[in-house]
Amino acid sequence: MAGLLTLSRTIDAINTFFGKAVSWLLLLAVLISAINATTRKLFNLSSNAWLEAQWYLFSAAFLVAAAWTLMSNEHVKVDLIYGRLSRRVQLWIEVFGTIFFLFPFCLITIYLSWPSVIEKFSTGEVSNNTGGLILWPVWAMIPLGFGLLALQGLSELIKRIAILRGDLPDAIALADAEAQTL
Numbered sequence: 004m005a006g007l008l009t010l011s012r013t014i015d016a017i018n019t020f021f022g023k024a025v026s027w028l029l030l031l032a033v034l035i036s037a038i039n040a041t042t043r044k045l046f047n048l049s050s051n052a053w054l055e056a057q058w059y060l061f062s063a064a065f066l067v068a069a070a071w072t073l074m075s076n077e078h079v080k081v082d083l084i085y086g087r088l089s090r091r092v093q094l095w096i097e098v099f100g101t102i103f104f105l106f107p108f109c110l111i112t113i114y115l116s117w118p119s120v121i122e123k124f125s126t127g128e129v130s131n132n133t134g135g136l137i138l139w140p141v142w143a144m145i146p147l148g149f150g151l152l153a154l155q156g157l158s159e160l161i162k163r164i165a166i167l168r169g170d171l172p173d174a175i176a177l178a179d180a181e182a183q184t185l
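Residue 12 in the numbering used here is what sits at position 9 of the sequence shown, and the numbering runs on without skipping anything.
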């Protein structure tokens, strides 16, 4: 289990790096948006490439940071029943959800999107918009993002199993216990 926990920490470090790095893409997207709006209003100039760059940056940030969101436990959960269950049952739900839902979804998405990335790269396909950008970089974010998400799912699976075995303290249970003492 020690080796798996080391692997988990490595995956966490990789996704933390990517998550923090792509968070800057949102600032860049906002700056491009502001510059594009300003030049459009003041000088009656606009560019499809600038608009597409905003979309590309937002897409990259959303796709690549999804794994960081999972690692930070900030992803959306339907908490109607889950929150009423014991922590041990919650952990088992997370284990089975990761194995039977997250992994297949990520792997199928990677499998289905990769041929499009290769095709767009090999043909040099460009957006249909006048002055549009090449398409393969934004399409490449799909398998990259889902690959990172699958890796983070593996990391979370390792951590949940370690918690269930008693090899790792449960940070969520500890935080809940601390909150109740306040």
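Glycine residues also receive a C-beta, built at the ideal position from the N, C-alpha and C atoms.
Predicted model, so just to flag it, every value in this text is computed and none were measured.
Neighbour-count burial assignment, residue i, 16 or more Cβ in a 10 Å radius
i, result
"Lys162", "buried"
"Met4", "exposed"
"Gly169", "exposed"
"Ile14", "buried"
"Thr101", "buried"
"Asn47", "exposed"
"Gly148", "buried"
"Pro107", "exposed"
"Glu97", "buried"
"Leu177", "exposed"
Collapsed DSSP secondary structure at residue i in the structure displayed
i, result
"Val79", "coil"
"Met74", "helix"
"Ser49", "coil"
"Asp170", "coil"
"Arg91", "helix"
"Gly22", "helix"
"Met144", "helix"
"Gly86", "coil"
Residues that DSSP places opposite residue i in a beta bridge
i, result
"Ile137", "Val129"
Residue i vs residue j beta-carbon contact at 8 Å
i, j, result
"Ser36", "Gly134", "no"
"Val129", "Ile137", "yes"
"Ser158", "Ser11", "yes"
"Leu110", "Ala153", "yes"
"Phe21", "Trp71", "yes"
"Met74", "Asn132", "no"
"Ala32", "Phe61", "yes"
"Ile166", "Asp173", "yes"
"Ala63", "Leu28", "yes"
"Ser116", "Pro140", "no"
"Ile113", "Gly156", "no"
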